[in-house]
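In the numbering used here, the protein residues as written are 481 to 604.
Think of the CB as a built atom: it goes at the ideal place given N, C-alpha and C, for glycine as much as any other residue.
A short worksheet on the structure shown next.
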């Protein structure tokens, strides 16, 4: 009886961990189109778009977006993949640094505000 309880406990903990961790991204899952989701929440920060927006990450290290215009990006793809968007705001250089979320059974996301569930979700 104790063995069965131990097995179920270990399996339960393993399931919780697997469904809540972010997996590293491969190149195929990084590049492409991302749609802005949950942007109609209260405005939390001016650096994140609070309108419908599409962010396109190209393989050559550039991106395009209605909100950010055009620019370059840098990715650190480790245990916690991060992305830095380099763009111009009012003709001055600007940087927006955030991270990816890649949970099992979900499309990759670029998190804009985790508390308000505001993110870009990969389209293709």
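Original post:
Per DSSP, residue 530 forms a beta bridge with which residues?
Top reply: To locate residue 530, count along the chain shown from 1; it is residue 50. For residue 530, which the question treats as bridged, DSSP gives no partner whatsoever.
**OP:** Using only alpha-carbon positions, find the residue among 491, 581 and 535 that is nearest to residue 503.
**Re:** Residue 503 sits at position 23 when you count from the first residue of the chain shown. For the residues 491, 581 and 535, the minimum Cα distance to residue 503 belongs to 581.
Original post:
Helix, strand or coil: which one does DSSP assign to residue 512?
Top reply: Counted from its first residue, the chain shown places residue 512 at position 32. It is a strand residue.
**OP:** Would you tell me roughly how many angstroms separate the C-alpha atoms of residue 540 and residue 507, rounded to the nearest one?
**Re:** Residue 540 sits at position 60 when you count from the first residue of the chain shown. Residue 507 sits at position 27 when you count from the first residue of the chain shown. Residue 507 has its alpha-carbon roughly 12 Å from the corresponding atom of residue 540.
Subject >> Alpha carbon of residue 535 to alpha carbon of residue 495, nearest angstrom >> reply: As a working mapping, residue 535 is identified with position 55 in the chain shown. As a working mapping, residue 495 is identified with position 15 in the chain shown. Cα-Cα distance, rounded: 32 Å.
Original post:
Cα-Cα, which of 556, 560, 491 and 530 is closest to residue 546?
Top reply: Position 66 of the chain shown, counting from 1, holds the residue named residue 546. Closest by C-alpha distance to residue 546, out of 556, 560, 491 and 530, is 530.
**OP:** Hey, could you find the ends of the beta strand (DSSP E) residue 603 is sitting in?
**Re:** The sequence position of residue 603 within the chain shown is 123, counting from 1. Careful: residue 603 lies outside any beta strand (DSSP E) and carries neither H nor E.
Subject >> Identified DSSP bridge partners for residue 589 >> reply: Residue mapping note: residue 589 aligns to position 109 of the chain shown, counting from 1. In the DSSP output, where bridge partners are listed per residue, residue 589 has 581 and 601.
Subject >> C-beta atoms of residue 600 and residue 590 nearer than 7 Å >> reply: Walking along the chain shown from the start, residue 600 turns up at place 120. Walking along the chain shown from the start, residue 590 turns up at place 110. Yes, the Cβ-Cβ distance between residue 600 and residue 590 is below 7 Å.
Subject >> Candidates 553, 567 and 574, of which the one nearest residue 561 by Cα >> reply: Residue numbering aside, residue 561 sits at position 81 when the chain shown is read from its first letter. Residue nearest to residue 561 within the set 553, 567 and 574 is 553 (criterion: CA-CA distance).
Original post:
Just to confirm, are residue 619 and residue 538 a CB contact at a threshold of 7 Å?
Top reply: Limits of the chain in this structure are 481 at one end and 604 at the other, which puts residue 619 out of reach.
Subject >> Bridge-paired residues (DSSP) for residue 536 >> reply: Residue mapping note: residue 536 aligns to position 56 of the chain shown, counting from 1. As computed with DSSP, residue 536 is found in a beta bridge with 513 and 544.
Subject >> Member of 597, 587, 527 and 514 whose CA lies at the smallest distance from the CA of residue 577 >> reply: Locating residue 577 in the chain shown gives position 97, counting from the first residue. Out of 597, 587, 527 and 514, 527 has the C-alpha closest to the C-alpha of residue 577.
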